[in-house]
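Student: Residue numbers (the working numbering), protein chains in the order written: chain A, 9 to 254; chain B, 9 to 254; chain C, 2 to 335; chain D, 2 to 335; chain E, 38 to 308.
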Amino acid sequence: MLTIREVSHFFGRRPALRRISCEVSSGQMVALVGRNGGGKTTLLRAVAGLTRPSEGRIEWRGIEMARISARVRARQVAYVAQNPGLSIDLSVREMVSLGAATRRREGGLDGLVQKVIEEIGLGALHDRPYHELSAGERQRCVVARALAQHEARGLLALDEPLSNLDPGETMRVVGILKARARDGALVVLAMHDLPLVDKVADQVLWLEGGELVANGTPASVFTPERLAQTFHCDFVRGPQGLSLGR
Amino acid sequence: MLTIREVSHFFGRRPALRRISCEVSSGQMVALVGRNGGGKTTLLRAVAGLTRPSEGRIEWRGIEMARISARVRARQVAYVAQNPGLSIDLSVREMVSLGAATRRREGGLDGLVQKVIEEIGLGALHDRPYHELSAGERQRCVVARALAQHEARGLLALDEPLSNLDPGETMRVVGILKARARDGALVVLAMHDLPLVDKVADQVLWLEGGELVANGTPASVFTPERLAQTFHCDFVRGPQGLSLGR
Amino acid sequence: MNGRRALAIAGLAALLLVGCAARLLVGHAGPDGALTFGLPSETIAPLRVGAIASAAAAGMCLGLSGLLLQALLRNPLAAPFILGLSAGAGLATTIAAWFSGAIAAIGLAWLANSLAGTVGALAVLAIVAALGRRSGVLDPLTLILAGTVISTICGALTLLVQSLMPPSTRGDSWTWFMGQVPEIPDWPLVWVAVALVALCAVVATRLGDELDAASTTDDEATSLGVSLGRLRIVLFTGAGALAAASVALCGPIAFVGFVAPHLARGLMGSRHGALAVASPLAGAAILVWADALRQGIDFGAGRLPIGVLTALLGGPVFLSIMRRSRVRTGGWSC
Amino acid sequence: MNGRRALAIAGLAALLLVGCAARLLVGHAGPDGALTFGLPSETIAPLRVGAIASAAAAGMCLGLSGLLLQALLRNPLAAPFILGLSAGAGLATTIAAWFSGAIAAIGLAWLANSLAGTVGALAVLAIVAALGRRSGVLDPLTLILAGTVISTICGALTLLVQSLMPPSTRGDSWTWFMGQVPEIPDWPLVWVAVALVALCAVVATRLGDELDAASTTDDEATSLGVSLGRLRIVLFTGAGALAAASVALCGPIAFVGFVAPHLARGLMGSRHGALAVASPLAGAAILVWADALRQGIDFGAGRLPIGVLTALLGGPVFLSIMRRSRVRTGGWSC
Amino acid sequence: ESSTPDRHGTARTEQAPGGTRIASLSPGITATVVALGAQERLVGRTPWCQVPREVVVVGSLLDLDAERLVEARPSVVLVQPAVQGMPDSLRQLATDRGWRLEEFHLDSLSDVRAMVVALPSALCEGESDGELAQYEESSLRLLAAFDRALAPIEPASKLGRTLILLTSTESSDPLAFGTGTYLADALAAYTVENALRREGYPALSWESIVAIAPDTVVLLGRHADGASERLLRLVPSARRVPVDAPSLLQPGGGMIEGLSSLRAALVKAAQ
Ligand SMILES: Nc1ncnc2c1ncn2[C@@H]1O[C@H](COP(=O)(O)OP(=O)(O)OP(=O)(O)O)[C@@H](O)[C@H]1O
Ligand SMILES: Nc1ncnc2c1ncn2[C@@H]1O[C@H](COP(=O)(O)OP(=O)(O)OP(=O)(O)O)[C@@H](O)[C@H]1O
Ligand SMILES: [Mg+2]
Ligand SMILES: [Mg+2]
């Protein structure tokens, strides 16, 4: 249960989020969409507790997110950054273990790490240095880390986790996330592939210039007018769902 | 006119490209597609002259690409990396000027830079430090740099230039690239959005495990069987072109 | 911990032990100062043990301090003395000596020695920490700038004090800056240093995952449960205290703290949990071996200063290992 | 070049000029050694001009060298002496001093002075360049490691030579390591340094875009037309020659080369074309002002060594500017 | 003991039975010990003591080689305390092993004289009077030599205001000998006026040398030639007296020769 109350955020004087309020509940897959610079990353970072918004509160299970200690939060909230990085030399397995390390007390983590790596399709690469991966492989490695970190019924905040993924891997990752949501997790992810959002998201938050301009089911949010007006291109809703027109 | 002759590339002992041969001609938009780790980035880097492949030759207008001096090549070949970076503090305008600087002799570059920035939709942000941009804004900034660098009839090699872009910006960038191709440029880009490739590409190169498994028009390459087999998901060809099935 | 890491740690430990044995057996037992090899006499043994203890303790401090600092600053150039600790210690020692007459008079002669160094180092640490913040959190780049500046200022002040000395004694006083391995160490200090290394190594091993996580971006590290602010304070304090202890023990021997972490990384990869053991071992091995070797080298001017040997011995070894291991330092961002 | 940059450059130039004026007017022209203020006499004027020339030339060398090195190594910690240049120069100078008798005997007394330093610095440069390659190209991390190691080895060898030298020459050869601003400089050397700065500044300004481009990733830089291999050799050689010239002129005054580029960046942003002018100006201003101020400061040991003043003066100024300008060093990756 | 076999098995004679064994941690003191004729009692020295080569190097005050010092079995250790003071380890060693630790400051000429007077008894405490008398005699001879080397110069007034400069490197500021330093004391003994009215060893810029406008400048150090040239250009009126005597930089019994050549040079200049 995540509650966002009147959240605004400023970079210097420039607003990036303006009085955003909404609620999203666990067991759902929530997509953040909107134009570039709309504030998705800013909101996701606040949701993941990485910044305290300039104004307003974000509550996770009733507690203000930014007040939860990093260690406690890490066990409930996993975050995938839009620009991940690594300054030393770790292998895929080691990188994913970083996520599992937050749950050290649980034990049996090697198994967990192995399972997640297999699940995300990096089994053959588990010993490769992260720096020698292709972009899509890196992206999956980082998602795998979040999966290893994430506990059931927790919050997965993912900033464009599907970028650089091929269609097959995209579906794989979406499938995994869907399954997590079904198991009771709250999955919040920023993404730009609207046809896919339309297919898989339970709830859509549409951010525009830092304002929450729409909030609801994909079908209710993705009206042809709004899509055309915002993106200046024709999305049509056909038998296959939303797709880009000619 | 770009000719790839029997190109193989190895990272240590591991092959990333295996005896790839093909020809692509100017005025076209050529899409590199395939699964993650298929070798797209490796091939693009070789095509842009950034690595000399372990075996084989890549020729641009009859001259081996890796032999052309960096300075001369920069005027004809622009490259957008999958993981761009910047260790100092430059504004959008300064960042884009880096591309224009390769054409210093031509003069009137401030105008060019301004034009490209407007064209890509960063006009309002031209004074912003690159480090304070959102991911999609950064991506466009880097593409703008390549556009400023690129001369008519040159080669634009772009590694997933559409990642992190919203649908509107995606269409904008694709439109710009299409226009460049129409003006005689050769645009080679790696991308994963197959429906979009289907719409905009003139030629598709499909890389799989470092091998060129298909080469031709989108319609000929994107056979339902191959798509289903590779990506384990249903693409259907409807009235709107290729789209992802339910 | 995988096999390679265990092997590397065992190898470094063995190297250290053989070095200790060498230092114990090699010496100048004859009255003519000739080189001898064999078990030392009862009078001599404590001296050699003292030297081994000093070198091993200081080497461990330096190796671990360097590791913590390179992790803290995410910079491969970082070394224990970048934060001005040795400069602070040098300044405090020099000032204390300057006033040693006055200090001795009030019955605090011990203040003039190791304690002054420690106090100086810790004072500098506090100043650098105060200056090295940005929006409340220790910030690597700001720390680097502040540390280098404060370090240079302390060095300058030391020169200032030195320039007040008679020229005939100036040369001597420089020998302090070359570092030394006391054969009659301040034993409590040795124990403090060893305890500090043990404490910091345990903490760093336990924080191993956090240190690994901290080598991603700030956002990722935070979301992985690292309180960067707190972790940086821990790293900073630990690295500072270790460097101060090494300075108090052996004076400034900067090179070891730079080389040991890179060496350990070249041997066993980048995981901090294991490096927290390997890096101090590497530091101690370098320092003990250097001290052992210099017993046998005499160009007619007595033993060489330890700093000369660490550089002449450690430098080439380090370079060759780095070249062979094709510097598995992957993402060091430079 | 936008307004802010032009303003910053004009400001630094004005600062330098006022510093020169101050150095010209302040001095000890009275027989009682008291501080005087006013136009110097005919005998004194050339001395002050000489000092200004030395300080300005060396400061420019250091500022520009630091800038080039920070660009080369993509590391904010880089400073002219990281590559071992001052250590090499120091070693050569010390060795030359040792053999000065012999050298003087064969009529090559000048070899014992600035030339030795230059030769030493350039020799080290060559060694570090040879070691700092990876797959044929100068590699930042490898350069850093090789430079630091060679630097330390040279320092160690210097100590070694010093410890072998007769005491009468040993004690005072240390003064070299504090840096100096000669009032009667080796004028040809000053001109060489100025010419070198001019040459390097022109080259760096013209390469400004390439240097900016080189601060992206290797791939991007290459695709922007930068031959990284060639550019790095140019930067390396330029930085090395400048550092060598500054060492030959004024001995090692390391701090200026570290601070000046950061200062310039803090004032005017990161574009290298303009920084190539601002950074040497900042270096010269710091050194000239420090030299001017030390005329009036005497703690009983005569003039302070210049290194003391650059640190005591430059340090706090630098820190305060950095704190105000909220270090616009954006992406320095640490 | 009278002899110990060395590693070749041949006996090597050491000093007289019961004689003190001296370790000196200061080149100046070592030179004095030698000047007193007690060279054969020396069992330890610093790397910078130039005589005698066969004596073992036991490190220096701030970088002690304790093992060799212990092996040398001194009974007396002579030190010139550094600004950093005396290392605790040396004090502790001395207490543990019953060595006598003798400290001599060597700043002024009277410090040096005091050491020359005190050394004989330090060299042979509790020994037969014979040896002591011999050293005391040497000590007196040494003091007399000091007196000779420090005899007033006639006519000192001709030298005018005199400055003693030590040039270290070509371009660094020369150090001057101010009040309280041993060479300033020497000038006073010569009845020559010291042009520098300050204490200690200030580093002087060439500008302040010009401002002081000395009548005579004594130039010591490795770069005296260059300095002399500069003086000629800057203060043409100044008499330049280069003195090539390294021992002048090491206050102690070894500097007689240096003082003599200094005096001779000044006398010559005064003519
Ligand atoms: N560090 C920063 N300093 C100043 N402004 C920033 C900073 N980061 C982002 N912004 C601005 O805040 C706004 C929101 O940015 P944000 O990154 O949240 O957008 P986004 O929706 O994630 O965009 P994208 O789809 O491109 O990732 C943008 O206008 C951006 O330029
Ligand atoms: N520096 C490297 N060292 C070793 N192997 C590498 C390196 N870079 C890439 N590889 C491997 O080479 C293969 C091809 O990589 P490449 O980056 O070209 O794939 P790609 O098609 O661009 O993938 P993506 O869609 O994920 O960007 C992959 O298996 C990858 O793991
Ligand atoms: Mg974003
Ligand atoms: Mg790729």
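Note that the Cβ used here is the ideal one computed from N, Cα and C, for glycine as well.
So, at 8 Å on beta carbons, what are the nonlocal neighbours of residue 159 of chain C in its own chain, with the 5 sequence-adjacent residues on each side left out?
Tutor: Cβ neighbours of residue 159 of chain C beyond the five flanking positions: 88, 91, 92 and 95.
Student: By DSSP, does residue 127 of chain A sit in helix, in strand, or in coil?
Tutor: Looking at residue 127 of chain A - three-state DSSP - the assignment turns out to be helix.
Student: Starting from residue 243 of chain C, trace the alpha helix (DSSP H) in both directions and tell me its first and last residue.
Tutor: Here the alpha helix (DSSP H) through residue 243 of chain C covers 229-251.
Student: Step through the CB atoms of chain C and report whether any lies within less than 9 Å of the CB of residue 263 of chain D.
Tutor: Yes, its Cβ sits closer than 9 Å to a Cβ of chain C.
Student: Between residue 144 of chain A and ligand 5, is there a pair consisting of the residue's CB and a ligand heavy atom that are separated by less than 8 Å?
Tutor: Among the ligands modelled here, namely ligand 1, ligand 2, ligand 3 and ligand 4, ligand 5 does not occur.
Student: Output needed in chain order: residues of the region 177-203 of chain D with a Cβ under 8 Å from some Cβ in chain C.
Tutor: Under the 8 Å Cβ criterion, the region 177-203 of chain D contributes 179.
Student: Relative to the C-alpha of residue 288 of chain D, which candidate in D:58, D:219, D:235 and D:153 has its C-alpha closest?
Tutor: Ranking the options by Cα distance to residue 288 of chain D, first place goes to D:58.
Student: Which residues share a DSSP beta bridge with residue 231 of chain E?
Tutor: In the DSSP output, where bridge partners are listed per residue, residue 231 of chain E has E:199.
Student: Taking any Cβ of chain D, which residues in the region 83-100 of chain E have a Cβ under 7 Å from it, in chain order?
Tutor: So the list reads 84, 85 and 87, given in the order they occur along the chain.
Student: Measuring straight from C-alpha to C-alpha, what distance separates residue 111 of chain D and residue 267 of chain E?
Tutor: Bear in mind that a pLDDT of 49 at residue 111 of chain D, under 50, signals an unreliable position, so the model cannot answer this.
Student: Would you mind sorting residue 180 of chain C into buried or exposed? The rule is 16 or more other CB atoms within 10 Å of its CB.
Tutor: Residue 180 of chain C comes out buried.
Student: Is there at least one Cβ from chain D nearer than 9 Å to residue 102 of chain B's Cβ?
Tutor: Taking Cβ atoms only, chain D reaches closer than 9 Å to residue 102 of chain B, which makes this a yes.
Student: Opposite residue 30 of chain B in the DSSP bridges: which residues?
Tutor: Partner(s): B:12.
Student: Determine, using beta-carbon pairs with one atom in the region 287-295 of chain E and one in the region 59-72 of chain E, whether at least three such pairs fall under 8 Å.
Tutor: Counting Cβ pairs under 8 Å, three or more are found: they touch.
Student: Going by DSSP, name the residue or residues bridged to residue 118 of chain A.
Tutor: The partner list for residue 118 of chain A (beta bridge, DSSP) is empty, contrary to what the question assumes.
Student: Enumerate in chain order the residues of its own chain whose CB-to-CB distance from residue 221 of chain B is below 6 Å, with the five nearest sequence positions on each side excluded.
Tutor: Around residue 221 of chain B: 214.
Student: Between residue 261 of chain C and residue 283 of chain C, how many whole angstroms is the CB-CB distance? I'm expecting something under 8 Å.
Tutor: The pair is a contact, with the Cβ atoms about 4 Å apart (cut-off 8 Å).
Student: Count the other CB atoms, across all protein chains shown, that sit within 10 Å of the CB of residue 239 of chain D; report buried if there are 16 or more and exposed otherwise.
Tutor: The residue in question, residue 239 of chain D, is buried, as its Cβ has 16 or more Cβ neighbours within 10 Å.
Student: Specify, as a first and last residue, the run of the beta strand (DSSP E) that residue 279 of chain E falls within.
Tutor: That run of the beta strand (DSSP E) goes 276-279.
Student: I need the DSSP call for residue 175 of chain B, collapsed to helix, strand or coil.
Tutor: Of the three classes helix, strand and coil, the one that applies to residue 175 of chain B here is helix, per DSSP.
Student: Under the three-state reduction of DSSP, which class applies to residue 251 of chain B: helix, strand or coil?
Tutor: Correct three-state label for residue 251 of chain B: strand.
Student: Indicate whether at least one CB of chain A lies closer than 9 Å to the CB of residue 214 of chain C.
Tutor: It does: the Cβ of residue 214 of chain C has a partner Cβ on chain A nearer than 9 Å.
Student: Do you know whose CA, among D:290, D:259, D:265 and D:157, lies nearest residue 53 of chain D's CA?
Tutor: The shortest Cα separation from residue 53 of chain D among D:290, D:259, D:265 and D:157 belongs to D:290.
Student: Across the region 143-160 of chain A and the region 139-156 of chain B, are there enough close Cβ pairs to call them in contact, namely three or more that are closer than 8 Å?
Tutor: The region 143-160 of chain A, when compared against the region 139-156 of chain B, does not touch it at the 8 Å Cβ threshold.
Student: Quick one: is the Cβ of residue 79 of chain D within less than 8 Å of any heavy atom of ligand 2?
Tutor: Residue 79 of chain D Cβ: outside cutoff for every heavy atom of ligand 2.
Student: Please state the DSSP three-state secondary structure of residue 220 of chain A.
Tutor: In the structure shown, residue 220 of chain A sits in a strand (DSSP, three-state: E or B).
Student: For residue 41 of chain A, decide whether its Cβ has a neighbour in chain B, counting only Cβ atoms nearer than 9 Å.
Tutor: Chain B, which has a Cβ nearer than 9 Å to the Cβ of residue 41 of chain A, makes this yes.
Student: If you draw a straight line from the alpha carbon of residue 194 of chain E to that of residue 206 of chain E, how long is it in whole angstroms?
Tutor: Spanning the two alpha carbons is a distance of roughly 31 Å.
Student: Might you give, ordered along the chain, the residues of its own chain that have their beta carbon closer than 7 Å to the beta carbon of residue 265 of chain D, omitting 5 neighbours on each side?
Tutor: Cβ within range, chain order: 276, 279, 280 and 283.
Student: Going along chain E in order, which residues have a C-beta closer than 7 Å to the C-beta of residue 239 of chain D?
Tutor: Near residue 239 of chain D there are no residues of chain E at all, since even the closest Cβ is about 24 Å away, more than 7 Å.
Student: Rank B:209, B:12 and B:75 by C-alpha distance to the C-alpha of residue 64 of chain B and give the top, closest one.
Tutor: Residue 64 of chain B has its Cα closest to that of B:12, out of B:209, B:12 and B:75.
Student: Is DSSP giving residue 5 of chain D helix, strand or coil here?
Tutor: Residue 5 of chain D: helix per DSSP, three-state reduction.
Student: Rounded to whole angstroms, what is the Cα-Cα separation between residue 82 of chain A and residue 60 of chain A?
Tutor: Spanning the two alpha carbons is a distance of roughly 16 Å.
Student: Assign residue 141 of chain E to one of two classes, buried (16 or more other C-beta atoms within 10 Å of its C-beta) or exposed (fewer than that).
Tutor: Its Cβ being crowded by 16 or more others within 10 Å, residue 141 of chain E is buried.
Student: Examine ligand 2 and report whether any of its heavy atoms sits within less than 8 Å of the Cβ of residue 90 of chain B.
Tutor: Answer for residue 90 of chain B: yes, Cβ within range of ligand 2.
Student: Check whether chain D comes within 9 Å of residue 71 of chain B, counting only Cβ atoms and requiring the distance to be less than that.
Tutor: No - not a single Cβ of chain D is within 9 Å of the one on residue 71 of chain B.
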